[in-house]
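In the working numbering, the protein residues as written are 1491 to 1915. Beta carbons: idealized from backbone N, C-alpha and C, even for Gly. Fair warning: this is a prediction, and the values are worked out from it, not measured in the lab.
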Amino acid sequence: MRDLLLGVAGKPVFHSKSPVIFKSIFNERNINGTYFRILCADAQKLFSIIKSLGMNGVNATSPLKEKIFSALSNCDTSAQAAKSVNCIKNNDGILTGFSTDHCGVINPHTNLIDLTDKKILIAGAGGAARAALTGLKEYTTDITLINRSTDKAEQLAAEFNCSFAKFEFCSDAFMNCDVFISTLPADAEIPCLNFINRDAVLFDANYKNSLLEKYAAEKLMKFLSGEKWLINQAIPAYNIFTGDSIMSCNADVTEDVSYDKNVIFLTGFMCCGKSSVGIELAEKLGYDFIDMDVLIEERNGIKINEIFSKYGEKYFREIESEILHELSKKNKTVVSTGGGVILDFQNRDILRKHLTIWIYSDIEESILRDNGTRPLLQTEDKTGTAVKLFNERKKFYAECCSFMAYNNGEIEEVIDEVYEEICRI
């Protein structure tokens, strides 16, 4: 199997545990794969990223699932039933949408209960509830929806030919259910929960701070966490991307993802906009800003072009590594790195420990921004050289980044999106 380049896209996206799951699969199966987060809320932009990077596939989270379904012409039956796409496969530029969210609901139950003809109660009427309905309708017709907004529950129930009950008057539904699935926010109070059949299985789509999990523990009831949902929707997604047929994964998604954001590194190919983003981002954060290339020129008293011509690339990379190590110990600083800093494995180790943002721009756009000062692009075939260099480096950018932000020329939008994502971390 060739190298895999996969990712998860959404806004926000830093919270996603998909990289943890896929990296676990890669390690278990000894696969040379890279999986990274993509900060994106626009389906067409995501399609552009997938194609231009030659990615094998991408998972999607909020708010993209319904947007992708509406924008993508090729969708399998599961996506059509859910009217949602959480998994895009790229086959030589042809994108196909799938939904594996229903597997996250069905598969965890197999060891606890036979779902055939069971009474199911679902709280919520959004995308997660729709995914649950898509999978469960193959097992039973006895499904009831409850939701704060009765209109939404009634509409979704009519679409899937199931029942609905008003949120405040659903004690009978709780008393009679065999399985209760909550797709509500983790801290949402659930009226009538105390009426629930104590032999029922409880399943919460949330994987953090679940009140339903605490309730199940107090009442000694069977409980499935949102972690099971996450892992069991990721496994079939991996199989779609690769053509493999794995059945399980031992990923631990309980630990929070965290990085040192005292120093924020911006990486990316030459002319992608790192400095432009970095200057304004630092100002919004109240951080200092350092451009590594400028710092190298100041300390050596000559331009980078001259360093390359007089001393060679190897000498430049050694200086670059020394300065990266030095800057990693700074306080409240945004650092714009050189495009080739990720070539050294020790540099990559430093970047992985910090909040590192990959600023990505299409190669054609990057080349147009070049003012002739890039030593590695001083060739007759500038485009061909740039494409070759980028293809050699893209795996490393993906490997090191906490998340990627797409710069298609709307620089203020990129800065705002990155700033908002950092503030959530």
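Less than 6 angstroms between the CB of residue i and some heavy atom of the ligand SAM, yes or no?
| i | result |
| --- | --- |
| Leu1879 | The ligand SAM is not part of the structure shown, which contains no ligands of any sort. |
Closer than 6 angstroms by C-beta to residue i: which residues in its own chain qualify, once you throw out the five before and the five after it? Chain order, please.
| i | result |
| --- | --- |
| Leu1692 | Phe1670, Leu1702, Ala1706, Met1711, Phe1713 |
| Asp1532 | none |
| Asn1522 | Asp1493 |
| Ala1643 | Ala1615, Leu1635, Asn1637, Phe1654 |
| Leu1536 | Ala1499, Cys1530 |
| Phe1664 | Cys1682, Phe1685, Ile1686 |
| Leu1674 | Ala1613, Gly1614 |
| Ser1672 | Ala1613, Asp1694, Leu1702 |
| Ile1528 | Gly1497, Ala1499, Met1894 |
Could you tell me if residue i is buried or exposed, where buried requires 16 or more neighbouring beta carbons within 10 angstroms of its beta carbon?
| i | result |
| --- | --- |
| Val1498 | buried |
| Asn1699 | exposed |
| Ala1844 | Sequence inspection shows His at residue 1844; the Ala mentioned does not correspond to that position. Classification for His1844: buried. |
| Ala1648 | exposed |
| Ser1560 | exposed |
| Met1545 | buried |
| Asp1591 | buried |
| Gly1830 | buried |
| Arg1914 | exposed |
| Gly1547 | buried |
| Thr1606 | exposed |
| Lys1804 | exposed |
| Met1737 | exposed |
| Asn1581 | exposed |
| His1599 | buried |
| Arg1842 | exposed |
| Gly1594 | buried |
| Ser1462 | Any property of residue 1462 remains undetermined from this structure, which presents the chain solely from 1491 to 1915. |
Any idea what DSSP makes of residue i, helix, strand or coil?
| i | result |
| --- | --- |
| Asn1897 | coil |
| Ile1528 | strand |
| Asp1778 | strand |
| Asn1546 | coil |
| Val1575 | coil |
| Phe1798 | helix |
| Lys1557 | helix |
| Asn1581 | strand |
| Gly1829 | coil |
| Gly1874 | helix |
| Phe1512 | helix |
| Gly1587 | strand |
| Cys1762 | coil |
| Thr1726 | Before going on, a small fix: residue 1726 reads as Pro here, not Thr. Pro1726: helix per DSSP, three-state reduction. |
| Thr1744 | coil |
| Gly1768 | helix |
| Thr1732 | helix |
| Ala1648 | helix |
| Asn1696 | coil |
| Ser1538 | helix |
| Ile1792 | coil |
| Glu1679 | coil |
| Leu1626 | helix |
| Leu1785 | helix |
Return no unless some Cβ of chain C is closer than 7 angstroms to the Cβ of residue i.
| i | result |
| --- | --- |
| Glu1803 | The displayed structure is made up of one protein chain only, and chain C is not part of it. |
Pull up the DSSP beta-bridge partners for residue i, would you.
| i | result |
| --- | --- |
| Val1669 | Ile1610, Val1691 |
| Asp1750 | His1844 |
| Thr1636 | According to the sequence shown, residue 1636 is Ile rather than Thr. Beta-bridge pairing links Ile1636 to Ala1613, Ala1655. |
| Ala1499 | Ile1528, Ala1550 |
| Thr1757 | Trp1848 |
| Cys1660 | DSSP lists no partner for Cys1660. |
| Leu1494 | Gly1523 |
| Cys1565 | Gly1587 |
What residue does the beta strand (DSSP E) around residue i start on, and which one ends it?
| i | result |
| --- | --- |
| Tyr1850 | 1844-1850 |
| Leu1702 | Careful: Leu1702 lies outside any beta strand (DSSP E), inside the alpha helix (DSSP H) at 1701-1709. |
| Val1824 | 1823-1826 |
Looking only at its chain, what residues have a beta carbon closer than 8 angstroms to the beta carbon of residue i, apart from the 5 residues adjacent to it on each side?
| i | result |
| --- | --- |
| Val1904 | Gly1763, Val1767, Ile1849, Ala1895, Tyr1896, Asn1897 |
| Arg1838 | Ile1832, Phe1886, Glu1889, Cys1890 |
| Ile1584 | Asn1564 |
| Val1743 | Lys1507, Val1510, Ile1511, Tyr1697, Glu1717, Leu1720, Ile1721 |
| Phe1921 | Because the chain here runs from 1491 to 1915, residue 1921 falls outside it and cannot be looked at. |
| Ala1938 | Residue 1938 lies beyond the range of the chain shown here (1491 to 1915); nothing can be said about it. |
| Cys1667 | Lys1609, Ile1610, Leu1611, Thr1634, Ile1686, Asn1687, Ala1690 |
| Ile1780 | Leu1817, Lys1820, Thr1823, Val1824, Val1825, Ser1826 |
| Asn1601 | none |
To which residues of the same chain is residue i closer than 7 angstroms at the C-beta, ignoring the five residues directly before and after it?
| i | result |
| --- | --- |
| Phe1516 | Gly1523 |
| Ser1552 | Gly1500 |
In the DSSP assignment, the alpha helix (DSSP H) including residue i goes from what residue to what residue?
| i | result |
| --- | --- |
| Leu1714 | Segment 1712-1714 is the beta strand (DSSP E) holding Leu1714; no alpha helix (DSSP H) there. |
| Ser1811 | 1803-1817 |
| Asp1591 | 1591-1599 |
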